[in-house]
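Participant: Questions regarding the structure given below will be posed in turn.
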Amino acid sequence: MKRLLSLLFILLLLAGCAPKPSSQTIFCMDTVMGLTVWGRNADDALSRLCGTLNSLDRTWSVTDEDSFLSRFNRGQAQPDEQQAALLARAMELSERTGGAFCPRLQALSRCWGFYNGEYRLPSQEEITQALTQEQWDLGGFLKGYAGSLCTQVLSEAGVDRALLELGGNVQTYGEKPGGEPWRIGIQNPAGGDPLGILLVYGSTAVVTSGDYQRYFEVEGRRYHHILDPRTGYPASSGLSSVTVICSDGAAADALSTALFVLGLEEGTRLWRKEQDFEAVFVCSDGKLYATPGAELSGCAFEVISP
Amino acid sequence: MKTKTWIVLLSGLFLLCIALSLWLIWPRPAAAFAEVISGGKVLCVLDLSLDRELTVTAPGGGENTLSVRQGKIGVIHADCPDGLCIAQGFCSGGRIICLPNRLVIRFLQGSPLDAVAG
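Residue numbers (the numbering used here), protein chains in the order written: chain A, 1 to 306; chain B, 1001 to 1118.
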């Protein structure tokens, strides 16, 4: 009897214990990344994730003159198989968005000062000149691609689940216990607590592009970092942010940039074509629009008709 | 000892076990804490139920003044060039980031969210 009781007590104690995750915060790709991993091989997986992310950062850095990307842009290096596949994927997404996401705007971003933080208003001539150059810059794609690559690393490492916050991009991996959804907030462009909550399941990427993420102001006017490849100026399509929910991180990242550039109407048209992702548009006037499959709660919004 | 004494003793122990287990399993209101990370290292953990202000000096010399107010935390002053950390306002979930000063404020408990996209 006594033995049985102690056994029962131990079992009850164990039932109250949830396995603790391992987590790490790193600075990578000019942003902060929070990695949280659950499961037996969590620590091993974390070090592999850091390796993968840092190696991507080194290869595709626009600020490091010795990175592969810088040498490639100068015509001094040829891509290997993996690098060629990544460039091809970026081009494919650019074509899908009709060029609204463009991975070749390095000269343009540089003349606005978005790389070194020395922001300035370039002249029209500078902008026109920069638009004719075709140097690669994978911002608006690389973090999303990194999220997808990380899910491969996690699956090889054999962990249960993980939550990767790659500088505002969220990548989930695996199921939460009991099939509970992951609860992902949408950043309020005006600051403060999140606007609403998105429920996502399994391995999913949630990526937001917004005019509040990196910007500067001149005479009360805001100039943000999402440049419209058609004009060379910050996109002004009446949106504050766009969040894309998609199983593929690279697509989510490129599409959120493209939808932000295109605006609500044209962006909706792009979504209607294939409907293989979900999106939440936050307009400058504060109104929210969401595609029917987006499980959004905690805020008022209008559903976009298919 | 008599069988009766055993029964009393064991049932007492049993009840104690149940009570202890219930106390362990019972969901309690999660206290909210925020972790302040500077230059990649955890500097301190703040209890968000206690209002206060503190200034964090980054390894590079930059300064951010944090304020805890009514269960929320925000950056009220910073010498970084863009001031984007202040623009993020007072939050109780997600993350507040000052990239130039390598400061991250992360919420530990009490947040109903797993993460924030944006």
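Positions of the beta carbon are idealized from the N, C-alpha and C atoms, including for glycine.
If you're wondering where the values come from, they're calculated on a predicted model, not measured in any experiment.
(1) How about B/G1062: is its C-beta nearer than 9 Å to some C-beta of chain A?
(2) Per DSSP, what kind of secondary structure is A/N41 in: helix, strand or coil?
(3) Please classify B/L1016: does DSSP put it in a helix, a strand, or coil?
(4) State the Cα-Cα distance for the pair A/E265 and B/F1107, rounded to the nearest angstrom.
(5) When the cut-off is 9 Å and only beta carbons count, does A/W182 lie next to chain B?
(6) Using three-state DSSP, classify A/I226 as helix, strand or coil.
(7) Please classify B/T1055: is it buried, with 16 or more other beta-carbons within 10 angstroms of its beta-carbon, or exposed?
(8) Based on the DSSP output, what are the partners of A/M33 in its beta bridges?
(9) To which residues of the same chain is A/H224 closer than 7 Å at the C-beta, ignoring the five residues directly before and after it?
(10) Which full runs of the beta strand (DSSP E) of 3+ residues lie inside the segment 217-263 of chain A, going along the chain?
(11) Please check if any C-beta of chain A sits within less than 9 Å of the C-beta of B/D1079.
(12) What are the boundary residues of the alpha helix (DSSP H) that A/R96 is part of?
(13) Anything in chain B within Cβ reach of A/G117, meaning under 8 Å, just list it in chain order.
(14) What is the rounded straight-line gap between the Cα of A/A157 and the Cα of A/N41?
(15) At which residue ranges does the segment 1090-1114 of chain B contain complete alpha helix (DSSP H) runs of 4 or more residues, listed in the order of the chain?
(16) For B/T1057, verify whether its CB is less than 8 Å away from any heavy atom of the ligand MN.
(17) Keeping to the same chain, check which residues put their C-beta closer than 8 Å to that of A/N116; ignore five residues upstream and five downstream.
(18) Evaluate contact between the segment 272-285 of chain A and the segment 236-253 of chain A, counting only Cβ atoms and requiring at least three cross-stretch pairs below 8 Å.
(19) Just the Cα atoms here: how many angstroms apart are A/A107 and A/T31?
(20) Residues of chain A with CB under 7 Å from B/I1097, in chain order?
(21) Distance, Cα to Cα, A/L121 vs A/E274?
(22) Helix or strand or just coil, what does DSSP make of A/Q171?
(23) Quick one: is A/V303 buried, meaning 16 or more other Cβ sit within 10 Å of its Cβ, or exposed?
(24) Closer than 8 Å, Cβ to Cβ, to anything on chain B: give me those residues from the segment 193-207 of chain A, in chain order.
(25) When the Cα atoms are used, what is the spatial distance from A/G51 to B/V1045?
(26) Among the residues of its own chain, which have a CB less than 8 Å from the CB of A/E126, if the five just before and after it don't count?
(27) For A/D248, which of A/T128, A/N54, A/K143 and A/L53 has the nearest alpha-carbon?
(28) Would you list the one or two residues that DSSP bridges to A/G210?
(29) Once the 5 residues before and after B/G1074 are set aside, which same chain residues still bring their CB inside 8 Å of it?
(30) Given a threshold of 16 other Cβ atoms within 10 Å of its Cβ, counted over all protein chains shown, does A/Y309 qualify as buried or as exposed?
(31) What residues match up with B/G1074 in a beta bridge as DSSP calls it?
(32) Whose Cβ in chain B lies nearer than 8 Å to the Cβ of A/T243?
(33) Under 8 Å, with one C-beta from each stretch per pair, do the segment 202-211 of chain A and the segment 92-107 of chain A reach the 3-pair mark?
(34) Closer than 8 Å between beta carbons: that is the criterion. Which residues of the segment 23-52 of chain A meet it against chain B?
(35) Looking at chain A, is there any beta carbon in it that lies within less than 9 Å of the beta carbon of B/R1106?
(36) So with Cβ pairs under 9 Å, would you call A/Y233 a contact of chain B?
Facilitator: On the basis of the supplied data:
(1) Answer no: the Cβ-Cβ gap between B/G1062 and chain A never drops below 9 Å.
(2) Note: A/N41 maps to coil in three-state DSSP.
(3) helix
(4) 36 Å
(5) yes
(6) Note: A/I226 maps to coil in three-state DSSP.
(7) The C-beta of B/T1055 has fewer than 16 other C-beta atoms within 10 Å across all chains shown, which makes the residue exposed.
(8) Bridge partners of A/M33: A/I26 and A/L166.
(9) D211, R214, Y215 and P234
(10) 221-224 and 239-246
(11) no
(12) E81 to R96
(13) P1081, D1082 and P1100
(14) 7 Å
(15) none
(16) This structure does not include the ligand MN; it has no bound ligands of any sort.
(17) T63
(18) Contact holds: three or more Cβ-Cβ distances are below 8 Å.
(19) 21 Å
(20) V32
(21) 38 Å
(22) A/Q171 sits in a strand when the DSSP states are folded into three classes.
(23) exposed
(24) Answer in chain order: D193, P194, I197, L198, V206 and V207.
(25) 28 Å
(26) C111
(27) A/K143
(28) A/S241
(29) L1066, S1067, I1086, Q1088, G1089, F1090, C1091 and I1096
(30) The question about residue 309 of chain A has no answer, for chain A in this structure spans 1 to 306.
(31) B/S1067
(32) For A/T243, the neighbours in chain B by C-beta distance under 8 Å run, in chain order, A1117 and G1118.
(33) no
(34) T25, I26, F27, D30, T31, V32 and G34
(35) Answer yes: the Cβ-Cβ gap between B/R1106 and chain A drops below 9 Å somewhere.
(36) no
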